[in-house]
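The numbering used here puts the first residue of the sequence shown at -3, with every later residue one more than the last. Each residue gets a CB set at the ideal place from its N, CA and C atoms; glycine is no exception. Reviewing the structure listed below.
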Amino acid sequence: MNTVTRLGGFALGLAAVFGAAYGIGRVVDPAAPAAQSGHDGGAVHTSGPTTHDEVTDRVPGGLLVSDRGYTLVPVAAPAGEFAFRVGGPDGRPVTRYDVAHDRRMHLIVARRDLSGFRHVHPDLAPDGTWRVDTPLAGPGQWRAFADFTPTGGEPLILGVDVTVPGELTERPLPAPASSTTVDGYTVTLAGTPQPGRTSPLTLTVSRDGRPVTDLEPYLGAYGHLVALRRGDLAYLHVHPDGTPGDGRTRPGPQVTFLAEVPSAGSYRLYLDFRHGGRVHTAEFTVVADAAATGGPTPGGPSSTGGAEHGTPGHGHN
Ligand SMILES: [Cu+2]
């Protein structure tokens, strides 16, 4: 096996690039999300008085390659494999992790254009190197997210850019829709994320026109939802509402999540659910509309799933 090269090492055509902004058409003001979160005191621009502290006083997950002393470091790997380590506050690779959502490490990847999403679970070697069959399916600018809790530390989501050389074809973000199909399943989405608030999103799974009522637990729930923000790929916390065996949560056809989005804008949702012994991923584009919490905005999209305008107590003046 190859010896491991350090930061920035080139591994069989895989270049890891840190902190670079890419000039491929859609660079969003990189200061926007961080600066917004950094303001103290007053409400963040579009948010009303019920702004959730957790949303406004923290930078969204996945935007940092290094946080609280922990650093995500891709390392050289043989062809077909993706490998990385997490450097700890002492400068050495972290080797002890807590289990969260059934696993010690969740690796999520997506291209910068939000295509190619994969969620995989690498294996940990004793030296702190995580390895997995590469989820990077083809050329492009990818973002890799490591979602983990170091033993003795706080939960972290670190992100790093990874380039897979080759012909790039940027894909347009699919339009918002309230229904999609995957592997013969139809999944519908009800609910619209609202900036600065926790919003329920309910996904309903059917197959051949019949509701699926025997979803299988996956990662401690009947579904696992990741949301990425268009433009910077901020990785958002989405929590399932209820867990298998709690006496009230049924194995479908509906799975409900509580989503917190920090800003208006477009997001891509990726629902992993398990049925028939396999994990399937349904994808949706949703638009979080500032108007939904602040009042009407001319021309604001109010697309799918019954956005609720005029929430009590949300006047803005
Ligand atoms: Cu996972």
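{"Check": "Val156, enclosing beta strand (DSSP E) - first and last residue", "Outcome": "152 to 160"}
{"Check": "Any non-hydrogen atom of ligand 1 within 6 Å of Arg99 CB", "Outcome": "yes"}
{"Check": "Cβ-heavy atom distance, His115 to ligand 1, below 6 Å", "Outcome": "yes"}
{"Check": "First and last residue of the uninterrupted beta strand (DSSP E) at Gly83", "Outcome": "77 to 83"}
{"Check": "Within 7 Å, strictly: CB atoms of Pro170 and Thr277", "Outcome": "no"}
{"Check": "Under the three-state DSSP convention, the category Asp129 falls into", "Outcome": "strand"}
{"Check": "Proximity test, His276 beta-carbon vs ligand 1 heavy atom, cut-off 6 Å", "Outcome": "no"}
{"Check": "Start-end ranges of the beta strand (DSSP E) lying completely within the stretch 80 to 114, minimum 3 residues", "Outcome": "101 to 107"}
{"Check": "Burial state of Gly121, where buried means 16 or more other Cβ atoms lie within 10 Å", "Outcome": "According to the sequence displayed, residue 121 carries Ala and not Gly. Exposed."}
{"Check": "Classification of Val251 by the beta-carbon crowding that lies within 10 angstroms, buried from 16 upward", "Outcome": "buried"}
{"Check": "contact_flag[the stretch 173 to 184, the stretch 157 to 165] where n(CB pairs < 8 Å) is 3 or more", "Outcome": "no"}
{"Check": "Cβ-based neighbour list, Gly199, same chain, cut-off 6 Å, excluding 5 preceding and 5 following", "Outcome": "In the sequence as displayed, the identity of residue 199 is Leu instead of Gly. Val183, Leu185, Val251, Leu267, listed in sequence order."}
{"Check": "Residues near Gly57 in its chain [Cβ-Cβ closer than 6 Å; skip 5 each side]", "Outcome": "Ile153, Tyr231"}
{"Check": "Unbroken beta strand (DSSP E) run spanning Arg225, endpoints", "Outcome": "220 to 225"}
{"Check": "Nearest residue (CA-CA) to Gly119, options Ala79, His97, Thr239", "Outcome": "Checking the sequence shown, residue 119 turns out to be Asp, not Gly. Closest by alpha carbon: Ala79."}
{"Check": "Whole-angstrom C-beta distance between Val156 and Leu68, which should lie under 8 Å", "Outcome": "5 Å"}
{"Check": "Close Cβ partners of Gly148 (< 8 Å) along its chain, the five nearest in sequence each way excluded", "Outcome": "Arg92"}
{"Check": "Element boundaries [beta strand (DSSP E), containing Tyr214]", "Outcome": "No beta strand (DSSP E) holds Tyr214; DSSP gives it neither H nor E."}
{"Check": "Per-residue DSSP class, three states only, for Ala140", "Outcome": "strand"}
{"Check": "Distance, Val208 Cα to Arg270 Cα", "Outcome": "11 Å"}
{"Check": "Beta strand (DSSP E) segments (min. 3 residues) lying fully within the stretch 259 to 284", "Outcome": "261 to 271, 274 to 284"}
{"Check": "Buried or exposed by the 16-neighbour rule on C-beta atoms within 10 Å, applied to Ala75", "Outcome": "exposed"}
{"Check": "Helix, strand or coil at Ala230 [DSSP, three-state]", "Outcome": "coil"}
{"Check": "Rounded separation between Asp204 and Pro249 - CA only", "Outcome": "13 Å"}
{"Check": "Ligand 1 heavy atom lying under 6 Å from the CB of His233", "Outcome": "no"}
{"Check": "Three-pair Cβ contact test at 8 Å for the stretch 103 to 111 versus the stretch 132 to 142", "Outcome": "yes"}
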